[in-house]
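Visitor:
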Amino acid sequence: MPRTLAAPRGHSYHFVKAALICSTLLSGAAASFGQAKAEDINWRQFEGASIVWAYDIHPYADAVAAQLPEFEKLTGIKVTPELYPDDAYWNKLTIQLSTKSPSWDVVTGIQPAWDLAPGQLLEPLDRYLNDPKLTSASYDYKDFFPALRDALTWQVNGGQIEPGQGQVWAIPHGFENIQLFYRKDILDKHGIKVPTTPPEMSAACEKLKSADPAITPLGVRGVRFWSSIHTAAISIAKSYGVHDFVVKDGKLETGLNSPESIAFHKDYVEMIKRCAAPSFANDNWYQVVDGINSGRTAMAIDSNMFGFWNDVAGKPASGEDCFRSATASSERQDFRIEHLDLVPGHECCFPEKGSGLALHSVGDVKAGRAERCHRRQARQLAARFDLERQGLARLCG
Numbered sequence: 368m369p370r371t372l373a374a375p376r377g378h379s380y381h382f383v384k385a386a387l388i389c390s391t392l393l394s395g396a397a398a399s400f401g402q403a404k405a406e407d408i409n410w411r412q413f414e415g416a417s418i419v420w421a422y423d424i425h426p427y428a429d430a431v432a433a434q435l436p437e438f439e440k441l442t443g444i445k446v447t448p449e450l451y452p453d454d455a456y457w458n459k460l461t462i463q464l465s466t467k468s469p470s471w472d473v474v475t476g477i478q479p480a481w482d483l484a485p486g487q488l489l490e491p492l493d494r495y496l497n498d499p500k501l502t503s504a505s506y507d508y509k510d511f512f513p514a515l516r517d518a519l520t521w522q523v524n525g526g527q528i529e530p531g532q533g534q535v536w537a538i539p540h541g542f543e544n545i546q547l548f549y550r551k552d553i554l555d556k557h558g559i560k561v562p563t564t565p566p567e568m569s570a571a572c573e574k575l576k577s578a579d580p581a582i583t584p585l586g587v588r589g590v591r592f593w594s595s596i597h598t599a600a601i602s603i604a605k606s607y608g609v610h611d612f613v614v615k616d617g618k619l620e621t622g623l624n625s626p627e628s629i630a631f632h633k634d635y636v637e638m639i640k641r642c643a644a645p646s647f648a649n650d651n652w653y654q655v656v657d658g659i660n661s662g663r664t665a666m667a668i669d670s671n672m673f674g675f676w677n678d679v680a681g682k683p684a685s686g687e688d689c690f691r692s693a694t695a696s697s698e699r700q701d702f703r704i705e706h707l708d709l710v711p712g713h714e715c716c717f718p719e720k721g722s723g724l725a726l727h728s729v730g731d732v733k734a735g736r737a738e739r740c741h742r743r744q745a746r747q748l749a750a751r752f753d754l755e756r757q758g759l760a761r762l763c764g
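The structure is reproduced here in structure tokens:
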């Protein structure tokens with residue numbers, strides 16, 4: 368799951384300043400383009416510059432690309448987007464940065480940053496954020512949720528990452544959490560109760576296969592790539608109490624031989640065997656999303672944004688995608704899935720109904736109204752997501 372903007376090293380100071388202006392504005396973080404027109408800095412100081420922004424083919428990329436014309440009009444900087452399929456982008460990103468290629472200027476995605484920062488392959492952003500000639504006073508970096516800023520702030524000591532304090536290596540861009548989402552029409556048709564644990568999921572899948580052999584019960588990523596691990600698998604493992612490493616008697620040891628880990632792996636593998644598509648080993652989020660939207664798949668475990676992003680009027684999935692998280696009283700909160708990546712700052716945009724690009728939180732927040740949320744509303748959303756992470760909410764009754 369892709370999600371932040373960082374400037375690669377190896378470019379001139381003058382050029383990186385131009386790239387940083389691009390990254391801060393494209394992140395949608397603190398101020399609208401209208402606010403950006405404040406005269407506290409010269410927005411045309413890099414007029415005529417050209418930069419390349421790279422990302423994978425993703426709803427986040429769609430949202431940023433839609434703002435490029437206005438950004439170019441404001442700054443005079445020409446931005447060329449290069450978008451690639453998910454796994455191709457991440458592989459290409461690693462190559463671009465590790466070889467210090469100058470062909471990409473602004474890139475998106477925090478996942479490789481911890482590996483690449485110790486080798487001085489990323490440019491820390493502090494001096495640009497703190498330069499009043501480059502960053503408008505209206506840009507409120509501290510408006511990002513503290514946990515997100517901490518996740519992108521660390522110091523490199525002896526080739527190792529020490530998180531929490533140090534330099535800023537990237538700017539938050541988007542957020543999501545991993546949940547079970549499902550086609551309500553399909554489950555209702557066959558009288559299937561929404562599962563709350565992997566064993567319940569396995570049982571529900573058997574019922575679905577008996578009722579309609581043409582339906583794939585559960586869409587889940589299985590492609591041999593890290594994105595298959597950090598979505599369903601690691602989220603459910605966390606809810607079982609699994610830790611990959613533990614410290615015992617001052618020594619770092621594996622936690623994968625714990626009773627919790629053994630129980631998780633047993634249940635998860637059984638769930639995949641009973642529920643996933645025959646193409647599971649090759650499926651990325653593109654296939655998962657396509658299945659749930661077309662009605663060929665009844666349920667999915669992935670980023671919840673894919674459910675409402677594709678809830679477009681006139682499409683088969685319109686009004687039928689629902690979300691589920693377990694209650695706090697569940698014996699095992701296996702679908703209380705915890706994954707919060709990155710969030711925007713003052714402005715959270717809720718496009719018009721039917722656009723498929725809306726923020727769906729706990730309770731009555733639906734894909735809908737066009738409105739802006741500033742700090743107070745962002746805090747309300749944060750509180751709602753906190754409830755969700757505690758397993759106190761069910762999305763879609």
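Its first residue numbered 368, the sequence shown is counted upward by one per residue in this note's numbering. The C-beta atom is built at its ideal place from N, Cα and C for all residues, glycine as well. Computed from a prediction, not measured in an experiment: that's the story for all the values here.
1. Which value, in whole angstroms, describes the spacing of the CA atoms of S606 and K615?
2. Output yes or no for whether 8 Å exceeds the beta carbon distance between D423 and D453.
3. State the DSSP-derived secondary structure class of D669, mapped to helix, strand or coil.
4. Could you say if the stretch 482-498 and the stretch 528-540 meet the contact criterion of at least three C-beta pairs nearer than 8 Å?
5. Suppose you measure from the CA of V473 to the CA of M638; what does that come to, to the nearest Å?
6. Would you report the Cα separation of V431 and S417, rounded to the nearest angstrom?
7. At the level of alpha carbons, what is the spacing between E543 and I629?
8. Going straight from the alpha carbon of F438 to that of P448, what length do you get?
9. Suppose you measure from the CA of P513 to the CA of D507; what does that come to, to the nearest Å?
10. Which residue wins for smallest C-alpha separation from A604, given the options D552, V419, L519 and T564?
11. Which term fits Q527, buried or exposed, when burial requires 16 or more other beta carbons within 10 angstroms of its beta carbon?
12. When burial is assigned at 16 or more other CB atoms within 10 Å of the CB, is V636 buried or exposed?
13. Here's a check: name, in chain order, each residue in its chain whose Cβ is nearer than 8 Å to the Cβ of G486, leaving out the five neighbours to either side.
14. Start and end of the beta strand (DSSP E) containing P513?
15. For the alpha helix (DSSP H) holding D429, just list the boundary residues, first then last.
16. Report the partner residues of N544 according to the DSSP bridge assignment.
17. Considering only DSSP beta bridges, list what E449 is partnered with.
18. Return the chain-ordered list of same chain residues with a C-beta closer than 6 Å to the C-beta of A421, the five sequence neighbours on each side being excluded.
19. Here's the rule I'm using: 16 or more other beta-carbon atoms within 10 Å means buried, otherwise exposed. How should T621 be labelled?
20. Between the stretch 578-586 and the stretch 657-674, can you find at least three pairs of beta-carbon atoms closer than 8 Å?
21. Can you tell which of P469, D482, Q534 and A484 has its C-alpha closest to the C-alpha of L496?
22. So, helix, strand or coil for V561, using DSSP?
23. Enumerate in chain order the residues of its own chain whose CB-to-CB distance from H557 is below 8 Å, with the five nearest sequence positions on each side excluded.
24. S468: buried (16+ other C-beta within 10 angstroms of its C-beta) or exposed?
25. Can you tell me whether I668 is buried or exposed, with buried defined as 16 or more other CB within 10 angstroms of its CB?
26. How close, in whole Å, do the beta carbons of E651 and S594 come, if the pair is a contact with beta carbons under 8 Å?
27. Using DSSP with H/G/I as helix, E/B as strand and the rest coil, what is L619?
28. From T520, K640, P626 and W410, pick the residue whose C-alpha is nearest to that of I444; which is it?
29. What is the rounded straight-line gap between the Cα of N671 and the Cα of Q546?
30. Could you please give me the residues that DSSP links to N524 through a beta bridge?
31. Is it buried or exposed, P626, if we count other Cβ atoms within 10 angstroms and call 16 or more buried?
32. How close, in whole Å, do the beta carbons of A665 and I553 come, if the pair is a contact with beta carbons under 8 Å?
33. Hey, out of G525, V523 and V419, whose CA is closest to L460's CA?
34. Leaving out five residues on either side along the sequence, give the residues of the same chain with a beta carbon under 7 Å from the beta carbon of P566.
35. Please state the DSSP three-state secondary structure of D708.
36. Among A518, S505 and Q522, whose alpha-carbon lies nearest the alpha-carbon of G476?
Guide: By the coordinates alone:
1. 22 Å
2. yes
3. strand
4. yes
5. 40 Å
6. 17 Å
7. 28 Å
8. 13 Å
9. 12 Å
10. T564
11. exposed
12. exposed
13. S465
14. Per DSSP, P513 belongs to no beta strand (DSSP E); it is in the alpha helix (DSSP H), P513 to A518.
15. P426 to A432
16. For N544, which the question treats as bridged, DSSP gives no partner whatsoever.
17. A421
18. E449, W471 and V474
19. exposed
20. yes
21. Q534
22. coil
23. K574, L575, A578 and D579
24. exposed
25. buried
26. Residue 651 is actually Asn in this sequence, not Glu. About 7 Å; that satisfies the 8 Å criterion.
27. strand
28. W410
29. 6 Å
30. Q527
31. exposed
32. 4 Å
33. V419
34. D634
35. Note on D708: pLDDT 28, under 50, position unreliable in the model; the coordinate value appears next. Coil.
36. A518
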